[in-house]
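In terms of the working numbering, the sequence shown is residues 39 to 712. Virtual Cβ for every residue (Gly too), placed ideally from N, Cα, C. Okay, structure first, notes after.
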Amino acid sequence: MKKIKNKTPKFLKKSGKGGKKRPTKQQFWGNLLSTLLILLLLVTVYSLVIENREEKVEIPISELAMDIKNGVVSSIVVEGEKLTVTYKETEEEITVEEDIAPEDLMGEGETEEVQKFVVKEAKKEVGTPLSDTLVNYGVTAEQLAVVEIEIKKESGLGFFLLNAAPFLIPIIFILLFFWLISRQMKGSGGMQAFTFGQSKARITDPNDKNQRITFKDVAGVKEAKEELVEIVDFLRNPKKFLDIGARIPKGVLLMGAPGTGKTLLARAVAGEAKVPFFSISGSEFVEMFVGVGASRVRDLFKMAKKASPSIVFVDEIDAVGRVRGTGVGGGNDEREQTLNQILVEMDGFEQNEKVIVIAATNRPDVLDPALLRPGRFDRRVVLDLPDVHDREGILKIHGAKKPLGEDVDLKVIAQRTPGFSGADLYSLMNEGAILAAREDRKEVTQYDFIRSIEKVMLGPERKSHLLSKKEKKITAYHEAGHALVASILPHSDPVHKVSIVARGYAGGYTLKLPFEEKRLQSRKGFLDDIAVSLGGYVTEKMVFGDLTTGPSNDLRVATALARDMVTKYGMSDALGPVAVEDTGGRLRPEPLHTGGREYSEEISKKIDMEISGIIDAGLQQAKQILVEYRSALDAIVEELIKVETLEREDFEKVLITNGITPKKEEKTEAVNNE
């Protein structure tokens, strides 16, 4: 078999579809500005040339003859019928000054002749020599002999250009200006109707070391990388697979939450295989004109086949790959035509086609079944949120180019960021560096990263958001209620920080972090979380006898959690192990008589009663704790009003003072399922 060279094909370097970059909007306005500057420069130069031209006076031939007789003509240049006459004039200048050196001093009354030359123009008779004309006017041969006469052969082209330049230069520049504008309009995507059908894919050259990403640049996702190693091996050495009769999957679907690194992993596959990487978003296929998306799909796969072996990456494929036949837009809308063309192109691959299609989505539940059948996207890779070890590896990658202080412990940062995605961790490291630069420091410290965790989770501190004494007291009791209930309930996560400093939309916050990673959540844990969410509500009502808008978000969280327990997780005694609602995203129309639900009014009534029962139980549980430990509640509030923020150590000291034992970490052995 012929050996495959991983080089960028020539068509990508020369054709407008591939390697040639189309001008961006910024380039268009930059070129327009350059053109205007060139126009201004030409106008300035032309004005200077016009201003510096000698002003010539035209005289009759009779006056010229008289001047020759008087001996004031120095020279005459003959160009056809045009005569350029140079006169010599003398002026007397008295130069008597007492302060000048004796050897430079002229005698009193002495004069110095200063010779000047004046140029004038005249016209002679057509076809008659100049000498004959002057003789007819009475000029003698002796008088004519002292005048220097030069005859120049007139150039027709030069004469024409010289006279037409004031008119031609503006016309040429206007034509050049419109040519540049039309060229920009032709090159820019979307400004010319004939380019609608061309693919807008961005191409990454495998030989570009600045943009190349490998598996070393992707931390965590070990299982996902193992799945994709076979793809890399096939692109590098397809003969090994084809000789044994194996067919590598044509399509790989990357599924995971936003920010888990799907796009980064796809680029790493291309970087490891050293093949061209065509990247495009699903939304870029669809336009307002029917058929444009399908045309772009054909153009994209045509380029990929010419550049094979190559990788086509379609980000957010759910934009065009949703379930068909939903009644939205009819059965022949643009999105469905685009999806049909993608299906046809993937089926059109031959067995020896060395083009791999990688798609990414965080909504696999809405994809059309035809996309997921074997022969298309027959390999699915799930990217989970990173665990504590993966988070530490991601932090090391993002912190490699930052000057970290000696006190920085990335392991501690990883432990304090459960639930963070790779994108969140990148933002955390970047915010830490920004905080250090804002304070004019050369190193990023641990304190910068601790502050950036809360900034990424909740938003920046609103130091200008000043509370009155009453509002500050209400906020302190609200957050103290959350923290106290969380510290007493056994299945709630321990409190790491309590603050009444406003961040983002929150007037205050209580930060809870688990001792260890959790993959499963129990019913008791859900019930404790609901009670903790209602702790602020109960505290405000119990202490002040009134309610504010502060607990509004807590009520939404508690209600949503209770509904999920009943309708999704089967944690209701009344309904039993039945999931009456899915996770959302279903596109097929529901029966109108049920209000879009798949269950009856009787089941709906039971659901509402169960949700109310769970919420009431949480309220009673929180109220019982707050009444029993009222002295601890007041002590936490007093300390919060004084310092505004309580870290875990200070908070636990207040608990111990009031007879409450803080939660301690229990060491458990991890089970390795092999």
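Query	Result
From residue 525 to residue 256, what does the alpha carbon distance come to, in whole angstroms?	38 angstroms
Pull up the distance between the alpha-carbon of residue 702 and that of residue 691, whole angstroms please.	14 angstroms
Are residue 433 and residue 463 close, meaning C-beta to C-beta below 8 angstroms?	yes
For residue 190, which residues in the same chain have their Cβ closer than 8 angstroms to its Cβ, ignoring the five residues on either side in sequence?	115, 116, 117
In this structure, does DSSP put residue 436 in helix, strand or coil?	helix
Span of the alpha helix (DSSP H) holding residue 571?	561 to 571
Quick check: the Cα distance between residue 98 and residue 176, rounded to an integer number of angstroms?	15 angstroms
So, for residue 665: in the same chain, excluding its five sequence neighbours on each side, which residues have a beta-carbon less than 8 angstroms away from its beta-carbon?	580
Thinking C-alpha only, which one of 303, 182, 376, 121 is nearest residue 109?	182
Taking residue 292 as the reference, which of 282, 354, 309, 323 has the closest Cα?	354
Determine, using beta carbons only, whether residue 497 and residue 517 come nearer to each other than 8 angstroms.	no
Using only CA atoms, which one of 284, 538, 650 lies nearest to residue 568?	650
Using a threshold of 8 angstroms, state whether the C-beta atoms of residue 682 and residue 512 are closer than that.	no
Exposed or buried, residue 379, counting other C-beta atoms within 10 Å across all chains shown (16 or more means buried)?	buried
Starting from residue 418, trace the beta strand (DSSP E) both ways and give me its first and last residue.	417 to 421
Grouping DSSP H, G and I as helix and E and B as strand, with all else coil, what is residue 698?	coil
State the start and end residues of the unbroken alpha helix (DSSP H) segment that holds residue 747.	Coverage of the chain is limited to positions 39 through 712, which leaves residue 747 absent and any answer about it impossible.
Could you tell me which residues DSSP pairs with residue 485 in its beta bridges?	Per DSSP, none; premise fails for residue 485.
Kindly provide the ranges of any alpha helix (DSSP H) runs that are 4 or more residues long and lie completely inside the segment 274 to 322, ordered along the chain.	276 to 281, 300 to 311
Quick one: grab the DSSP three-state call for residue 160.	strand
Looking at the structure shown, is residue 536 part of a helix, part of a strand, or coil, going by DSSP?	strand
Just the C-alpha distance for residue 411 and residue 252, rounded to the nearest angstrom, thanks.	29 angstroms
Can you name, in chain order, every residue of its own chain whose Cβ lies under 6 angstroms from the Cβ of residue 296, other than the five neighbours on each side?	400
State yes or no: is the C-beta of residue 671 within less than 8 angstroms of the C-beta of residue 678?	no
Can the beta-carbon of residue 473 be found closer than 8 angstroms to that of residue 486?	yes
Any idea if residue 460 is buried or exposed, counting beta-carbon neighbours within 10 angstroms, 16 or more meaning buried?	buried
When the Cα of residue 384 is compared with those of 78, 352, 577, which residue comes out closest?	352
Near residue 211, which residues of its chain fall below 7 angstroms by C-beta distance, leaving aside the five closest residues on each side in sequence?	77, 80
Do residue 428 and residue 289 come within 8 angstroms of each other at the CB atom, strictly closer than that value?	no
Name, in chain order, the residues that DSSP records as bridge partners for residue 607.	Bridge partners of residue 607: none, in fact.
If you run the structure through DSSP and keep just helix, strand and coil, what is residue 586?	coil
Can you name the residues that DSSP bridges to residue 116?	121, 189
According to DSSP, which residues form a beta bridge with residue 544?	541
If you draw a straight line from the alpha carbon of residue 713 to that of residue 536, how long is it in whole angstroms?	With the chain represented from 39 up to 712, any question about residue 713 goes unanswered, as that position is not in the structure.
How big is the Cα-Cα spacing for residue 601 and residue 645?	8 angstroms
Considering only C-alpha positions, which residue in the set 457, 284, 304, 208 is nearest to residue 250?	304
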